[in-house]
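*Asks:* Below you'll find the structure I mean.
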Amino acid sequence: MIEHTPEALDIWLNELHQKVKGRIAIALELKKGPVVYALQKYPFVTVFPVHALSLARYRQTFWPSGAKDDPQDAELALELMLRYPQKIKAIEPDNADIRLLQQLVEQRRLLVEDKRRFVNRLINTLKQYFPQPLEWFSHRDSSLFCELIIRWPSLQQLKRARSDTVRHFMNAKGGPAVAYTEQRVASIASAIPLTTDNVNNTA
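For the sequence shown, the tail end lands on 203 under UniProt numbering, and the numbers increase by one without skipping.
Rendered as structure tokens:
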């Protein structure tokens, strides 16, 4: 068993390279990621991605239970590579700039997913006690929408604010939203709370 550290991986690969005196083929159930990028920095290593589903089906051929076992899967991955070399193609190493771009794209995707998840949670929470902002704003991920909820987390608190204060708040950022300020201020004045429960008790 190899420790999950760059140092342990480096020692293992270099010792293995000294023994075999040639190229080393490594099969992984991955096509990208830190492990793949770490292996690709060694000129004597070639990485072969083995599709997880293909490996699972191959495993089930010999073990119908399909129980996953890492040492067993390692042997099966090697067998797949030896039996079907034309099917399992080596990963062509990307240069550092391409890898960085891929990492940035992946991080952006994760951030977009996080944002969508948080916005949905906010919407679901507001529906329980303060649904009016969902009618006033079509862009529930805008900074104006979020800052309004932070400053006035309930309709009762918002209605206690002076109209000029709310108007100044909504116009402060400028942009297209300013066109809706008067309509929103009027809607706040006529709005009725959905519930009188304490907002601090809302999960």
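Here a beta-carbon is modelled for each residue, glycine too, at the ideal position from N, C-alpha and C.
Quick one: what's Val-47 bridged to in DSSP?
*Replies:* The residue labelled residue 47 in the question sits at position 47 within the sequence shown. Ile-26.
*Asks:* Would you check if the segment 102 to 118 and the segment 44 to 58 touch, i.e. whether three or more CB-CB distances between them fall below 8 Å?
*Replies:* no
*Asks:* Could you tell me whether the Cβ atoms of Thr-181 and Gln-156 are closer together than 9 Å?
*Replies:* Sequence index remark: in the sequence shown, residue 181 carries index 181 (1-based). Sequence index remark: in the sequence shown, residue 156 carries index 156 (1-based). Against a cut-off of 9 Å, the Cβ pair of Gln-156 and Thr-181 comes out as no contact.
*Asks:* Using a 10 Å radius around the Cβ and a threshold of 16 neighbouring Cβ atoms, would you call Leu-104 buried or exposed?
*Replies:* As a first step, residue 104 is located in the sequence shown; it is residue number 104 there, counting from the start. By the neighbour-count rule (16 or more Cβ atoms within 10 Å), Leu-104 is not buried but exposed.
*Asks:* Does the pairing of the segment 97 to 113 with the segment 162 to 177 give three or more beta-carbon distances under 8 Å?
*Replies:* Not touching, per the Cβ criterion.
*Asks:* Let's test the definition: count the other Cβ atoms within 10 Å of the Cβ of residue 204 and tell me whether it reaches 16, buried, or not, exposed.
*Replies:* Here the chain has residues from 1 to 203 only, and residue 204 is not among them.
*Asks:* For Ile-91 versus Phe-48, is the C-beta distance shorter than 9 Å?
*Replies:* Here residue 91 corresponds to residue number 91 of the sequence shown, with the count starting at 1. Here residue 48 corresponds to residue number 48 of the sequence shown, with the count starting at 1. Cβ distance < 9 Å, so Ile-91 and Phe-48 count as in contact.
*Asks:* Sorted by chain position, which residues of the same chain lie with C-beta nearer than 7 Å to Lys-31's C-beta, five sequence neighbours on each side aside?
*Replies:* If you number the sequence shown from 1, residue 31 lands on position 31. For Lys-31, where only same-chain residues beyond five positions count, the Cβ hits under 7 Å are Pro-49 and Ile-91.
*Asks:* Would you say His-168 reaches chain C, if we count a Cβ-Cβ gap shorter than 9 Å as a contact?
*Replies:* Considering every chain present, this structure includes no chain C. It has just one protein chain.
*Asks:* Measuring CA to CA, which of Pro-131, Val-36 and Pro-34 is closest to Pro-153?
*Replies:* Here residue 153 refers to the residue found at position 153 when the sequence shown is read from its first residue. Nearest of Pro-131, Val-36 and Pro-34 to Pro-153, Cα basis: Pro-131.
*Asks:* For Ala-177 and Leu-144, which I take to be in contact (beta-carbon distance under 8 Å), what is that distance rounded to the nearest angstrom?
*Replies:* Taking the sequence shown and counting its residues from 1, the one referred to as residue 177 is at position 177. Taking the sequence shown and counting its residues from 1, the one referred to as residue 144 is at position 144. That belief holds up - the Cβ atoms of Ala-177 and Leu-144 are roughly 6 Å apart, short of 8 Å.
*Asks:* Going by alpha carbons, who is nearest to Asp-94 out of Leu-80, Ile-26, Ile-2 and Pro-34?
*Replies:* As a first step, residue 94 is located in the sequence shown; it is residue number 94 there, counting from the start. The shortest C-alpha separation from Asp-94 is found at Pro-34.
*Asks:* So the candidates are Leu-148, Leu-16 and Pro-6; which of them puts its Cα closest to the Cα of Lys-173?
*Replies:* As a working mapping, residue 173 is identified with position 173 in the sequence shown. The shortest Cα separation from Lys-173 among Leu-148, Leu-16 and Pro-6 belongs to Leu-148.
*Asks:* Since Asp-73 and Arg-59 should fall inside the 8 Å C-beta cutoff, what is the C-beta to C-beta distance between them, to a whole number of angstroms?
*Replies:* For the purposes of this step, residue 73 is taken as residue 73 along the sequence shown, with counting starting at 1. For the purposes of this step, residue 59 is taken as residue 59 along the sequence shown, with counting starting at 1. Their Cβ separation, rounded to whole angstroms, is 7 Å, which keeps Asp-73 and Arg-59 in contact under 8 Å.
*Asks:* Enumerate in chain order the residues of its own chain whose CB-to-CB distance from Val-36 is below 7 Å, with the five nearest sequence positions on each side excluded.
*Replies:* Residue 36 sits at position 36 when you count from the first residue of the sequence shown. Closer than 7 Å at Cβ, skipping near neighbours: Leu-28, Leu-30, Val-47 and Ile-91.
*Asks:* Can you find the residues in the same chain that come closer than 7 Å, C-beta to C-beta, to Ala-77, ignoring five residues on each side of it along the sequence?
*Replies:* Here residue 77 is taken as the residue at index 77 of the sequence shown, counted from 1. For Ala-77, where only same-chain residues beyond five positions count, the Cβ hits under 7 Å are Ala-27, Val-50 and Leu-55.
*Asks:* Does the beta-carbon of Leu-111 have 16 or more other beta-carbons within 10 angstroms, so that it is buried, or is it exposed?
*Replies:* Numbered from 1 along the sequence shown, position 111 holds the residue referred to as residue 111. Here Leu-111 is exposed. Its C-beta has fewer than 16 other C-beta atoms within 10 Å.
*Asks:* Looking at the unbroken alpha helix (DSSP H) that takes in His-17, where does it start and where does it end?
*Replies:* If you number the sequence shown from 1, residue 17 lands on position 17. Here the alpha helix (DSSP H) through His-17 covers 6 to 20.
*Asks:* Going by beta carbon distance, what residues of the same chain come within less than 8 Å of Ile-123, once the five residues before and after it are set aside?
*Replies:* Within the sequence shown, the letter at position 123 stands for residue 123. Close CB contacts of Ile-123 within its chain, under the 8 Å cut and outside five residues either way in sequence, are with Leu-134 and Arg-140 (chain order).
*Asks:* Under the assumption that Leu-158 contacts Ile-188 (Cβ atoms under 8 Å), give the Cβ distance between them as a whole number of angstroms.
*Replies:* Against the sequence shown, residue 158 aligns to sequence position 158. Against the sequence shown, residue 188 aligns to sequence position 188. The Cβ separation is near 6 Å, so the contact holds.
*Asks:* CB-CB under 6 Å to His-17, same chain, minus the five flanking residues each way: which ones, in chain order?
*Replies:* Translated into the one-based positions of the sequence shown, residue 17 becomes position 17. Cβ within range, chain order: Phe-44.
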